[in-house]
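Participant: In the numbering used here, the protein residues as written are 335 to 1008.
Ideal Cβ placement from N, Cα and C applies to all residues, glycine included.
Structure provided below as structure tokens; questions to follow.
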């Protein structure tokens, strides 16, 4: 009967205890007579030109949207929704662009118009729009961005806020200033053409610099657990509404269009979740969560430098822990302490360095049949390739030892031989979010040279896939989501996909054990207490601007990243010396009381003797004993991938990466747009 604000959303841990009550954040209700006319009339000009005359549905706009629908082969791309319909969509219905939702808008809008005046409708609209940075309503947005009341907004300020409510992420003036300025000026042009502002006001406004004064109003920040839960819940509900994340596009234009559309719907969904009275049940184990936060805080405590503007610690870290049995995230931290609303674990994409090699180079190399742990590669410096750390080269060396020593030239050669397209197809299957079409065919990817970087959550899912014998699931923290009205609206089934064969994944795991167990391994200092068997990989970028350690046991996978938000050099810091120490500290804590457990050897793995050239000696194959260490001079191979008596020179052994394994391998990467 009346316009009311939505209820708070509750987030629960793995034991059903409340870990966070999510409210709207910054909010200040503003009566319509205290809203700037540039906001009131600006929204009409931009969103709903016939707002003052229609009865809730704009027939002309609806017909135009229908014609666009036919032109786009029945894909809904243009809304045609009035302000009244938007209120209904944002507060009563889902964000799914479906015919059913559109019909519901059309049917309910006249009833709203009959009940409320135009001024009341506009007042509610302005007070429920989301403007980013947890600003709900025009009052909170005015104070946050410009430190003034909503009645005091000037044309250029009003235009920016109108832009933000359309897509807070895409037009964020802090992180996307160029797009924000273009959109603001576009809104100003519309306001001028519709008579909201004069020509003189328009010309003055478009010359204004994009200047905001973010007001640091004290509100309780969402914890890393709560913000991640909202992120995962939004993704889950979007997929339920047939709007999952896409990975392949025909061209750059299609990608840009999709990304803007996805960002808008994602932000709308997060907004709805924060204030929609949801109950989100997660897999987060608060004991492990507190231990992970403490390990990160303690590991970075030596650096006390703080940013002069934000007051946050300059050196930051992020980490994710996954339970390998349940395939759920059990702990996540996005930074130091609890007073930072930027969750770097899923919001920040960073360069991976060598930490990407197992997922992009070596496991696909094993999968291709070209390489095995014993394959010999010439480690040498070459003109157009990378250098090894310290400019040290070993000549002929096995893949197993090259991984433990993290030799760049070997990873480069493996990636080149299997082809970048083939290697990258596996990151697509692992659903890495930040792959870029710009990287097509780029050999520097083999060492982590991504245009947009990778996220901690994606690296954790990738390594957990190796720990689970190549089986991938969308390892999230969401178990189920409920609403008071509908009960359970989402339940996670944790569907699995076999990305790597069991044999390739297990061989990769066995090779990664050498990173920690071998005296020359880059992570040798990180052996876990109690003889707990583990595998992992260090990652250190040029000038140590980003450092990683990604490792796992039979029980848990944990990935740790450290660096500065604005990348800068960290002399003397490596993946083993900072994130590795944090990783070991945390993993030792959560493995206390757990029996040492090895990684189960698939039945199709055999042992054989190899000659000095890395060729298998015929007739020496035996079944491996899981309780015995690998005998000297022998190594593992896959009867499935390599054949019963495989050698690298055997033309029948499948010694090339498959050209047409599936559509994504055949030609998918050339269409990647992220």
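As a quick exercise: from 753, 856, 691, pick the residue whose alpha carbon is nearest that of residue 783.
Facilitator: Taking only the C-alpha atoms, the option nearest residue 783 is 691.
Participant: What residues in its chain sit with their C-beta under 7 Å from that of residue 804, if we drop five residues either side in the sequence?
Facilitator: So the qualifying residues of the chain are 832, 833, 834, 835, 836, 838, 839.
Participant: Go ahead and pull the three-state DSSP assignment for residue 743.
Facilitator: Helix.
Participant: Buried or exposed for residue 931, going by 16 or more other Cβ atoms inside 10 Å?
Facilitator: Its Cβ having fewer than 16 others within 10 Å, residue 931 is exposed.
Participant: Assign residue 524 to one of three DSSP states: helix, strand, or coil.
Facilitator: Helix, per DSSP.
Participant: Count the CB pairs spanning the segment 666-683 and the segment 780-796 that are closer than 8 Å, and state whether there are at least three.
Facilitator: Short answer: they touch.
Participant: Flag this pair as touching only if the segment 603-614 and the segment 648-659 have three or more C-beta atom pairs under 8 Å; answer yes or no.
Facilitator: Counting Cβ pairs under 8 Å, fewer than three are found: no touch.
Participant: Mind checking residue 747: buried by the 16 CB within 10 Å criterion, or exposed?
Facilitator: It counts as buried.
Participant: Quick check: residue 343 and residue 608, are their CB atoms within less than 8 Å of each other?
Facilitator: For residue 343 and residue 608, yes; Cβs fall inside 8 Å.
Participant: Going by other Cβ atoms of all chains shown within 10 Å of its Cβ, with 16 needed for buried, is residue 717 buried or exposed?
Facilitator: Residue 717 is exposed by the Cβ-count criterion.
Participant: How many angstroms separate the CA atom of residue 854 from the CA atom of residue 621?
Facilitator: Cα-Cα distance, rounded: 35 Å.
Participant: Comparing C-alpha positions only, which one of 575, 612, 616 sits nearest to residue 596?
Facilitator: Comparing Cα positions, the closest option is 575.
Participant: Would the beta-carbon of residue 882 fall within 8 Å of that of residue 909?
Facilitator: Cβ atoms of residue 882 and residue 909: closer than 8 Å.
Participant: Does DSSP classify residue 812 as helix, strand or coil?
Facilitator: Here residue 812 sits in strand by DSSP.
Participant: Within its chain, find whatever has a CB closer than 6 Å to the CB of residue 460; leave out the 5 residues flanking it on each side and keep chain order.
Facilitator: Same-chain partners within the cutoff: 369, 472.
Participant: Whole angstroms is fine: what's the gap from residue 722's alpha carbon to residue 766's?
Facilitator: For residue 722 and residue 766, the distance between alpha carbons rounds to 27 Å.
Participant: May I have a chain-ordered list of the alpha helix (DSSP H) segments no shorter than 4 residues that lie completely inside the segment 757-839?
Facilitator: Listed in chain order, the complete alpha helix (DSSP H) runs (minimum 4 residues) inside the segment 757-839 are 790-801.
Participant: From residue 858 to residue 850, what does the alpha carbon distance come to, in whole angstroms?
Facilitator: Each residue's alpha carbon lies about 4 Å from the other.
Participant: Which runs of the beta strand (DSSP E), 3 residues or longer, sit entirely within the segment 916-953?
Facilitator: Those beta strand (DSSP E) runs which fall completely within the segment 916-953 and span 3+ residues are 939-943.
Participant: Indicate the three-state DSSP secondary structure (helix, strand or coil) for residue 868 in the structure shown.
Facilitator: It is coil, neither helix nor strand.
Participant: Looking at the structure shown, is residue 640 part of a helix, part of a strand, or coil, going by DSSP?
Facilitator: Here residue 640 sits in strand by DSSP.
Participant: Do you know how far the Cα of residue 768 is from the Cα of residue 714?
Facilitator: Whole-angstrom Cα-Cα distance: 31 Å.
Participant: With DSSP as the reference, please indicate the residues paired to residue 589 in a beta bridge.
Facilitator: According to DSSP, which records beta bridges pairwise, residue 589 is partnered with nothing at all.
Participant: Measuring only the C-alpha atoms, how far is residue 356 from residue 560?
Facilitator: Each residue's alpha carbon lies about 8 Å from the other.
Participant: In whole angstroms, what separates the C-alpha of residue 916 from that of residue 665?
Facilitator: Straight-line Cα distance between these residues: approximately 14 Å.
Participant: Would you mind working out which of 924, 892, 391, 925 sits nearest residue 872, comparing C-alpha positions?
Facilitator: Ranking the options by Cα distance to residue 872, first place goes to 892.
Participant: How would you write the range of the beta strand (DSSP E) that residue 891 sits in, first residue to last?
Facilitator: Start and end: 890-898.
Participant: Where does residue 649 fall in DSSP's three states?
Facilitator: In the structure shown, residue 649 sits in a strand (DSSP, three-state: E or B).
Participant: In whole angstroms, what separates the C-alpha of residue 887 from that of residue 869?
Facilitator: Those two C-alpha atoms are separated by around 7 Å.
Participant: Can you give me the start and stop residues for the alpha helix (DSSP H) that residue 1011 sits inside?
Facilitator: The requested residue 1011 does not occur in the structure, where the chain is confined to residues 335 to 1008.
Participant: Output the distance between the C-alpha atoms of residue 672 and residue 960, rounded to the nearest integer angstrom.
Facilitator: So the two alpha carbons sit approximately 44 Å from each other.
Participant: Have a look at residue 377 and residue 510 and give me their C-alpha separation to the nearest angstrom.
Facilitator: Approximately 22 Å between the Cα atoms of the pair.
Participant: For residue 530, count the other beta carbons within 10 Å of its own beta carbon; 16 or more makes it buried, fewer makes it exposed. Which is it?
Facilitator: Result: buried.
Participant: Counting along the chain, where does the alpha helix (DSSP H) carrying residue 472 start and finish?
Facilitator: Here the alpha helix (DSSP H) through residue 472 covers 472-480.
Participant: Check each candidate in 758, 880, 814, 956 and name the one with the smallest Cα separation from residue 566.
Facilitator: Closest option to residue 566, Cα to Cα, is 814.
Participant: Within a Cβ cutoff of 7 Å, which residues of the same chain sit near residue 409, ignoring the five residues on either side of it in sequence?
Facilitator: Note that residue 409 scores a pLDDT of 49, beneath 50, so its modelled location is shaky and nothing firm can be said.
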